[in-house]
Amino acid sequence: MPLSRRTLLTAAAPLGLGGVLATTGCFSSDATASGGLVFATALTPAAGLSPHSEDAFLLARWAVAETLVGLDGNGLPVPKLALDWTQAAPNDWDLTLREGVRFHDGTVLDAAAVAAALNAAATAASVPRVIDGLGLTAEATGDRTLRVTTAAPDPVLPQRLSSPYLAILAPGAYQEDTVDPVGFATGPFRITESTSTGAVLERSGDHWGEQAAMAGYRADYVPDAATRVAALRSGEAHVIEAVPYAQIANLDASQLQDAPTGRTVSLYLNTATGPLADPALRAAVAAAIDTAPIVDDIYEGRADAPEGLFGPALSWAADHREYTLPDAAVPAGEALRLATYSNRAELPEALIVLASQLEAAGFAVETEVREYNDIEPDMLAGEFDAFLMSRSVVQDSGDAYTYLDSDFTGDGGFNASRLADPAVDQAVAAIATAAAPDMAPDAAAAARQSAVLDAEAVVLATVAVIPIAHERLVTGVAGGAANVHSDPREREIITTATTME
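This is how it looks when you write it as structure tokens:
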């Protein structure tokens, strides 16, 4: 019988989620008193706002840092800091930069600065997963032209260059092993103050494009979801991200923005060590899971039942391929360590449901919940038998290939399942060569999408990952705030059009 929400919330208490937590966050009385917008973010900096980390998405959602390329609604590249790009050779792409762009420190954006920024990302201590393993190098070939080279042909390099991880900063941002974007980006807003609790942002008068409608705003780090919702209701915050599904009913409909997103909640199984290194036991985990209580109760119907790794927000992914799972073993009390993170309030609740189902199937289950920045290293090191994660399948580059490559190939930089399967590596590699260079853009996109779905089936057949739900993006917006962007790729929230009465 599906668990009620009251039961789920009560059961969550032992995991430390039974009440509102004291959390980082400083709702500025000055900002609210003056009528300035306050944006409460779910993500807290893990690396001093370096774009080579997950902090890159803060810089993007704040409209502070910009990339060479943008993406249109179909995920195809469009000009941003670069005006055009051409594949000069299988491994080489030539780019021409926009004129008249200045960094926030007043220096001019030129090809040397862009090449230095890309090379800094490619040689970082932790290479951003969107380019991990590419062997990317960049070289200025003129004042406003540069060549980007990869070790092997990469037909989606322009899409990769749209990733917030590859935001272009002025040379002054790069000091030895640190990257500090404060005062060195190109976006319509610049950071004027950065502390452990948040940032103050002001409109950049030198922006090359459309000027921001707001003179400025404040961003506060509020990782606890209940605290963000309370701030929206009290008027201390005017925009909050990642509204908890459990509290949607407590907010006025006018305060909610709901949009489809390319984000899938999945259970990643450790295929390298522990009991789930056995494919038959992974198949037993898959057989034990019923996602309906999670989709219907925890997500309050604002998520879709799993169709695979790619959900209904990606219309081209509707034609999923069939696949066969290994024969399932009968669990005999094998001990499983399940984990997730607290930044998304639904995940710990969903973990309780999954743990209950697996215990009923015959497994012995232990659960662990921590804040994402704290738990990610252990997750990637294979410390858990299963990890529940909400993952955007098109966030890094706008192209699903990079997600499959980073998460499921033997050399992938974000391989939480620690999967090493030659059939998967081959199927994912085939995506990169699915489109011929002389194909029209639409035909090339269709060929790649077909290859993505072929690879998806190979991945799912390994039972390295079990899709649980396809999320919708719910943003909280108070009265007076307008033109807050709901981006399916979750890269943009505050834009030049955003206003606050």
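Positions -22 to -1, 1 to 479 (mature numbering (1 follows the signal peptide of the UniProt record, and there is no 0)) are the ones given, in order, by the sequence shown. Idealized CB from N, CA, C, for every residue including glycine.
Taking C-alpha positions only, T473 is separated from A265 by approximately 44 Å. Cβ-Cβ separation between S375 and V134: approximately 6 Å, consistent with a contact (criterion under 8 Å).
When DSSP reads this structure, Q153 sits in a beta bridge with T156. Between N351 and A24 a beta carbon distance of about 4 Å is seen, short of the 8 Å cut, so the two are scored as contacting. In terms of Cα proximity to F167, the closest of P257, L112 and A43 is A43. Setting aside the 5 residues that flank it on each side, A408 is surrounded in the same chain by A429, each with a C-beta closer than 6 Å to its C-beta; the list follows chain order. Around the Cβ of Q153, a 10 Å sphere holds fewer than 16 other Cβ atoms; the residue is exposed. Counting of Cβ neighbours within 10 angstroms places V462 among the buried residues, the total reaching 16 or more. In the DSSP assignment, R260 falls within the unbroken alpha helix (DSSP H) covering P257 to A266.
Contact between the stretch 338 to 354 and the stretch 279 to 299 is absent: fewer than three C-beta pairs spanning the two stretches fall below 8 Å.
Counting C-beta atoms within 10 angstroms of its own C-beta, N228 has fewer than 16 neighbours from the protein chains shown and is therefore classed as exposed. Measuring C-alpha to C-alpha distances from P355 to each of A99, T318, G183 and L325 identifies T318 as the nearest. Taking a contact to require three or more Cβ pairs closer than 8 Å, the stretch 199 to 206 and the stretch 409 to 428 do not qualify as touching. Collapsing the DSSP output to three states places M357 in a helix. Excluding sequence positions up to five before and after A90, its CB lies within less than 6 Å of the CB of A118, all in the same chain and listed in chain order.
Assignment of Y246 by DSSP, reduced to helix, strand and coil, places it in the strand class.
Residue pairing by DSSP puts A177 in a beta bridge opposite S172 and A197.
In the structure shown, the three-state DSSP call for V105 is coil. Ranking V455, S174 and P131 by CA distance to the CA of T477 puts V455 first. Looking at the DSSP output, P238 shares a beta bridge with R450. In this structure, the alpha-carbon of L179 lies about 41 Å from that of V331. Bounds of the beta strand (DSSP E) holding Q65 are A60 to A67. In this structure, the straight-line span from the alpha carbon of T440 to that of F386 is close to 10 Å. Taking a C-beta distance under 9 Å as the contact criterion, F365 and L438 do not qualify as a contact pair. Secondary structure of I409 (DSSP, three-state): helix. Taking the CA atoms as reference points, L144 sits about 44 Å from A307.
Counting C-beta atoms within 10 angstroms of its own C-beta, N52 has fewer than 16 neighbours from the protein chains shown and is therefore classed as exposed. Rounded to the nearest angstrom, the Cβ distance from A129 to L37 is 28 Å, too far for a contact under 8 Å. Classified as buried, Q225 has 16 or more neighbouring CB atoms from the shown chains inside 10 Å of its CB.
Less than 9 Å separates the beta-carbon of R196 from that of G14.
If the five residues before and after A102 are omitted, its C-beta is found closer than 6 Å to the C-beta atoms of H30, all from its own chain and listed in chain order.
Straight-line measurement puts the Cα of A237 at about 13 Å from the Cα of G279. Under DSSP, F162 forms no beta bridge with any residue.
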